[in-house]
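S.K.:
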Amino acid sequence: MAEITLSVRQLQAFAEVGYQVAGGGGAPAAMAALRRVIPLDAYEFVAFDPATGRHHSVVSDGHRRIDRDAAEEYAALDACREAIAGRRPVPMPQPGTERYFRRHLAPYGWRAGLTAPLFLADGGRYTGLLHLAAKDDFPLLTGALVAAVSPMLAHVTDLTRCVIDPAGLPPDFRAVAFDRLGERRAVPGHEVSRELWDDPAMAAFARAFIDSRELSRRGLWLDGGGRWHEVRLLRAGVGYQGSLQGAVAAERPCPLPYDLTGREVDVLTRVAAGDSNPQIAACLVLSVRTVTTHLEHIFAKLGCDSRTRLTTKALAEGLCRLDL
């Protein structure tokens, strides 16, 4: 059985693992650095999705084929639950893993396997598993070395991170990413919007947008404190490599454009929805004469001479009110 001794070169390899994960080189570059220290023939990263409670294979190398049910099959084993509870790597084969080993490792000619649970250093949140496989027995210190680098590798399987960069989103917008189940994620390069994050209706609003055929939506939103915000929604992939269908909701505080009043925004929103003056009056509990007066002011402020042009301008510039 081979021995592992730490040298300056090997310590540099560990530093390279962290650099590649943090710097965008991703799993392949990080594992190439790890292979300088640990002899292995194949690896597989399995991500835990907190939105569904399920495990998914996301990155692998050395496998000719990954069975779709392999991740969930291993996660159901007592050995996996013990590894997660103890936060320590577990070798294979061992009692309770023989069937899994015969099905997923032995056919490739591998003699040894090792599974490490991945926990982030900051807060210790569980993100998934790393499977290693080799044709020969692993060196004695392999488990300890993998455990040492696992907090860095945990970022590879962190599905709560939004990995897309929304095109067309100005840098001064604060943002939150949502998937269809309402799971919230930060958006790289943008401050988190606490208003959107904490609003219980925003997740449902984002889900309705995801289920629509729209690519983007924009409008005005009045928060619970009486402040207006410019809001934009963009269709986006979230989670690892954008694998989950989602949306980015972004906002920034703003004064009402064109010196519109809040009531005029309400009337303009109903016009853009195709309502007639009597319908607007009934919806907003106003008289038809009052609605007509509001419309005269809106036409003057926006420089439009027809409801069609008014609607086109309102939708193009995001002047309608978004009701979350």
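Numbering-wise, the sequence shown is residues 0 to 323 according to numbering that gives the first Met the number 0. Ideal Cβ positions, reconstructed from N, Cα and C, are used throughout, including at glycine. Quick caveat, the model's predicted, so the values are computed rather than measured.
#1: Per DSSP, what kind of secondary structure is Glu229 in: helix, strand or coil?
#2: If you count every other CB in all the chains shown that lies within 10 Å of the CB of Leu129, and 16 or more means buried, which is it?
#3: Assuming the contact rule is C-beta atoms closer than 8 Å, Asp265 and Leu294 should be a hit. Round their C-beta distance to whole Å, please.
#4: Does the structure place the stretch 83-103 close enough to the stretch 51-58 that three or more beta carbon pairs sit under 8 Å?
#5: Inspect the CB distances between the stretch 111-119 and the stretch 85-95 and report whether three or more fall short of 8 Å.
#6: Using 10 angstroms around the beta-carbon of Gly188, count the other beta-carbons present and answer buried if the total reaches 16, otherwise exposed.
#7: Given Leu76, which residues of its chain have a CB within under 8 Å of its CB, disregarding the five upstream and five downstream residues?
#8: What runs of the beta strand (DSSP E), each 3 residues or longer, lie entirely inside the stretch 22-91?
#9: Would you tell me roughly how many angstroms separate the C-alpha atoms of Asp322 and Ala46, rounded to the nearest one?
#10: Mark Thr268 as exposed unless 16 or more other C-beta atoms lie within 10 angstroms of its C-beta, in which case mark it buried.
#11: Just how far apart, CA to CA, sit Thr156 and Trp196?
#12: Roughly how many angstroms lie between the CA atoms of Arg34 and Leu144, to the nearest whole one?
#13: Pull up the CB-CB distance for Asp210 and Lys134, whole angstroms please, since I reckon it's below 8 Å.
#14: Using a threshold of 8 Å, state whether the C-beta atoms of Val247 and Leu139 are closer than that.
#15: Buried or exposed for Ala313, going by 16 or more other Cβ atoms inside 10 Å?
#16: Can you look up Thr311 in the DSSP assignment and give me helix, strand or coil?
#17: Which residue marks the beginning of the beta strand (DSSP E) containing Phe177, and which one marks its end?
#18: Is Tyr257 closer than 8 Å to Leu221 when the C-beta atoms are compared?
#19: Which of the three DSSP states, helix, strand or coil, is assigned to Ala146?
#20: Do Ile297 and Val290 come within 8 Å of each other at the CB atom, strictly closer than that value?
#21: Report the three-state DSSP secondary structure of Met0 (helix, strand or coil).
#22: Rounded to whole angstroms, what's the CA-CA distance from Ser192 to Asp48? Just pull it up for me.
#23: If distances are taken between C-alpha atoms only, which option among Tyr125, Met151, Ala202 and Ala176 comes closest to Glu190?
M.R.: Well, looking at it:
#1: strand
#2: buried
#3: Actually they are not in contact, since the Cβ atoms of Asp265 and Leu294 sit about 12 Å apart, beyond 8 Å.
#4: no
#5: yes
#6: exposed
#7: Gly95, Thr96 and Tyr99
#8: 41-48, 53-60 and 89-91
#9: 35 Å
#10: buried
#11: 23 Å
#12: 12 Å
#13: Wrong, their Cβ atoms sit about 48 Å apart, outside the cutoff.
#14: no
#15: buried
#16: helix
#17: Arg173 to Asp178
#18: no
#19: helix
#20: no
#21: Any reading at Met0 needs caution, since the residue's pLDDT is 48, under 50, leaving its predicted position unreliable; the model's value is listed next. Correct three-state label for Met0: coil.
#22: 23 Å
#23: Ala176
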